[in-house]
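Those protein sequence lines, which keep their order, are chains A and B. Number 391 marks the last residue of the first sequence (the numbering used here); no jumps. Number 225 marks the last residue of the second sequence (the numbering used here); no jumps. All residues carry an ideal CB built from backbone N, CA and C; glycine is no exception. Take a look at the structure set out below.
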Amino acid sequence: MNSKEMKAARVKLFRDAANFRKTDRIPHFANVVTWKVFDAGHTLDEAMTNFDVMEKCVLHFLDKYPVDAILDVGIRNQFNVTEAFGEGGYYYYDKEVVGIHDHAHCTVETLQQYMDDPTRYAWEVILPKKYGESWAQKSKETWKKTFSEYTRYTKFVLHMAKVMDRYSLPGLSPNNPMKGAVVPAAEELMSNLLGIQQLSVAMRRSPDLLDAFIERWEKERMEPIYEKIRKAKGPDDVHCFDSSILMLAHTVMNKKQFERFYWPYLKKLLDVYAEKGMNIRIFTEGSILRFAEYFRDFPKGLLTFHLEQDDPFEFRAALPNVAIMGGMTTDLLSNGTPEECVAYAKRLCDELGRDGGFIFSENKMLSYRNDAKAENMLAVCEFVNNYKL
Amino acid sequence: MVDFDALAEAMGELDEDTVKDLLDQVMTEGGSDAPKAMEACQKGMDTVGKLFEEGEYFVGDLIYAGELMTEAVNTLKSALVEGGGSGLKTRMILCTVKGDLHDIGKNIVRSMLEANGFEVLDLGIDCPPEKIVDTAKAENIKIVALSGVLTLALDSMKKTVEELKAAGLDVKVIIGGAPVSADACLNIGADEWAHSPQKTVDTCKKWAESF
């Protein structure tokens, strides 16, 4: 099998599993981000600012661990571009730690201002907060350096896409038809504009304002996406999924709030994908089981939930129509023995994947040194790769 | 005379306008009933906790309740100080552990704990174990709440618990945040774990009552 055929076989394996078709083995989607840096003997500050080091770490991982796809090939959170422009306050990193400071662009009081003119708000509020008050007056040298870093980064992204081809690894999902992530309005409010605290306050204090924002987001951002999806030829044949979205905002909402601010719009999006026979991976932060009833009527093959906190066996019992991604806990990978990890991996494959509907993955993004022991990761990867159902 | 039952009910229903009106009335009438008003607000917070347990409220409601309680304390503060406060409080430590700089979750828990009568020594973010041990010793603390968002926070939590034990301190430790779990709690050696601020509050209240 050549590299292209191998990649096509992997895409089929993921698609079959997501569609509840029997497969001869379970696909493994490695939910691995920066853990691979430590495993390769490097530190975060080396890898996050040096493309050569990062590539070595990625290759080290791909040569050592047999997986069918990987979340990140070193292109997330590269800081060279924003640092060249003088940004250094939103994130932090050193040898062992990388993270982003909690922040939000608006408050309940300023959301209307953002809605009135998002571009102006970005220009006058968001960018000065990120790059300093005089961000628009940066020197010509700073702009040149930033563009130069951006070009280097773009080349690295394209180069790593070729590396993925060389290793026959399919990508997770294509960009949405409007070239960007598919972000429901509630998630834009939670992750970018308001954050957890202000969204919680706004749902109680200014629900009509949120309704207005969501309606506008639907009209301006989502409707064009629905149209493009409707015009698409159908399922993609080079990625594991046709789309991937992240759910986080549900973790603060009570049921009434979910029904008002989230569900009608999420359902609309899912219905459009269902019309085209496409499949969607939803990474659910926190627990989604509280809202299981809303997802019961969708056909098998549409939804794959990547579970972070929910027990996968409990989830299967609650939503037998939804494929599961995940299952392997970082608690076990970091504290267990290889034998314990493999025994649990076997249980996951046997109980969740015999009739399709299961993709093996880690429940949390492996990011830090102690998120997994290398011997456990290796044992699990080799087991899943070799285990025949 | 303010209707304190109505105040408790309004707080439980998260009816901000009514809570504000009734608290303003307490202050307009001289503020001597501020301790009673605080009691009514805390009774309302018990209702919030009950509705959370029953599944009607969720995390966003707890956050909003914390906001209302903070506003209530601010409104009544001057009268409470003059009147000698609203009784003894259990003091405890709260922080985000070493290596983790996230503070939203910690701050939410803090406001919920304070709303439920705890005096919280907030040691901030990126807090090293030795600072927690030193503070616990110096302040005779019996409850420590450790928060974290990143998985690496689990390592810091474990180290903190080990150092608290090595220092011979008799403290109860609760860990909270996205990466914690029953397995993690066992491995870390903490006494309890929580994903929700309400569970943290309930656990700390139970501990405080047992001291």
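Span separating the alpha-carbon of residue i from that of residue j
i               : j               : result
A376 of chain A : Y370 of chain A : 12 Å
C343 of chain A : S246 of chain A : 28 Å
M25 of chain B  : V123 of chain B : 18 Å
N387 of chain A : R27 of chain A  : 7 Å
P193 of chain B : T253 of chain A : 14 Å
L160 of chain B : D47 of chain B  : 36 Å
D31 of chain B  : G162 of chain B : 34 Å
W221 of chain B : K112 of chain B : 25 Å
G91 of chain A  : T84 of chain A  : 10 Å
G99 of chain B  : V16 of chain B  : Annotation note: pLDDT 49 at G99 of chain B (below 50); position unreliable, coordinate value reported separately. Near 19 Å, if we compare the C-alpha coordinates of V16 of chain B and G99 of chain B.
A79 of chain B  : S150 of chain A : 49 Å
L115 of chain B : G236 of chain A : 43 Å
A276 of chain A : Y346 of chain A : 33 Å
N21 of chain A  : L304 of chain A : 7 Å
L268 of chain A : I216 of chain A : 11 Å
T84 of chain B  : S125 of chain B : 7 Å
T286 of chain A : C55 of chain B  : 35 Å
W145 of chain A : K131 of chain A : 18 Å
G44 of chain B  : G197 of chain A : 38 Å
Contacts that residue i makes with chain B (C-beta to C-beta distance below 7 Å)
i               : result
H103 of chain A : L115
N33 of chain A  : Going along chain B, no residue has its Cβ under 7 Å from N33 of chain A, so there is no contact; the nearest lies around 12 Å.
T332 of chain A : T165
Y94 of chain A  : L115
Beta-bridge partners of residue i, as assigned by DSSP
i               : result
I102 of chain A : A:Y93
R283 of chain A : A:S246 and A:T306
W219 of chain A : Paired residue(s): none; W219 of chain A is not in a bridge.
K186 of chain B : B:I157
H241 of chain A : A:G173
M327 of chain A : A:H308 and A:I361
R356 of chain A : A:G358
D136 of chain B : B:L108
Min CB distance residue i to chain A below 9 Å
i               : result
A198 of chain B : yes
A208 of chain B : no
K164 of chain B : Residue 164 of chain B is actually Leu in this sequence, not Lys. Interface residue, yes.
V73 of chain B  : yes
P143 of chain B : no
E133 of chain B : no
L28 of chain B  : yes
S46 of chain B  : no
S100 of chain B : Because S100 of chain B carries a pLDDT of 48, less than 50, the predicted location of this residue cannot be relied on, and no value is offered for it.
G58 of chain B  : no
I189 of chain B : no
I107 of chain B : no
G203 of chain B : no
F225 of chain B : no
G69 of chain B  : yes
N130 of chain B : no
Given residue i as reference, the closest of the options once Cα atoms are compared
i               : options                           : result
Y71 of chain B  : A:K257, A:H308 and A:W37          : A:K257
S289 of chain A : A:A320, A:L272, A:D299 and A:A276 : A:A320
K164 of chain A : A:V60, A:P314, A:I28 and A:F360   : A:V60
I188 of chain B : B:M52, B:C109 and B:N121          : B:C109
F158 of chain A : A:I227, A:K58, A:G101 and A:D238  : A:K58
Q199 of chain A : B:I77, B:M171 and B:F225          : B:I77
V215 of chain B : B:S195, B:E128 and B:K57          : B:E128
C108 of chain A : A:H62, A:E143, A:Y67 and A:V127   : A:V127
N14 of chain B  : B:L135, B:L28, B:D169 and B:C141  : Chain B is shown only over 15 to 225; residue 14 of chain B falls outside these bounds and no answer can be derived.
L164 of chain B : A:V35, A:Y152 and A:D74           : A:V35
S336 of chain A : A:T45, A:A374, A:M117 and A:L73   : A:A374
Cross-chain neighbours of residue i in chain B, by beta carbon under 9 Å
i               : result
G197 of chain A : I118
K366 of chain A : T165, A192 and P193
S369 of chain A : L164, T165 and L166
Contact with chain B by residue i, beta-carbon distance below 9 Å
i               : result
E98 of chain A  : yes
V39 of chain A  : no
S246 of chain A : no
K257 of chain A : yes
E310 of chain A : yes
I337 of chain A : Here the sequence assigns Asn to residue 337 of chain A, which means Ile is not the residue at that position. Taking Cβ atoms only, chain B reaches closer than 9 Å to N337 of chain A, which makes this a yes.
R356 of chain A : no
Partners in chain A for residue i, counting only beta-carbon separations shorter than 7 Å
i               : result
D169 of chain B : N372
E81 of chain B  : V203
Residue i at chain D interface by Cβ criterion, 9 Å
i               : result
G288 of chain A : Going by chain labels, chain D is absent from the structure shown, which instead holds the protein chains A and B.
Under 9 Å by beta carbon: chain A residues contacting residue i
i               : result
I157 of chain B : Neighbours of I157 of chain B on chain A: none; closest Cβ ~24 Å, over 9 Å.
I122 of chain B : I198, Q199 and S202
Residue i: contacting residues in chain B (beta-carbon distance under 8 Å)
i               : result
Y228 of chain A : The contacting residues do not exist; Y228 of chain A stays about 28 Å from chain B at best.
V254 of chain A : F72, V73, G74 and I77
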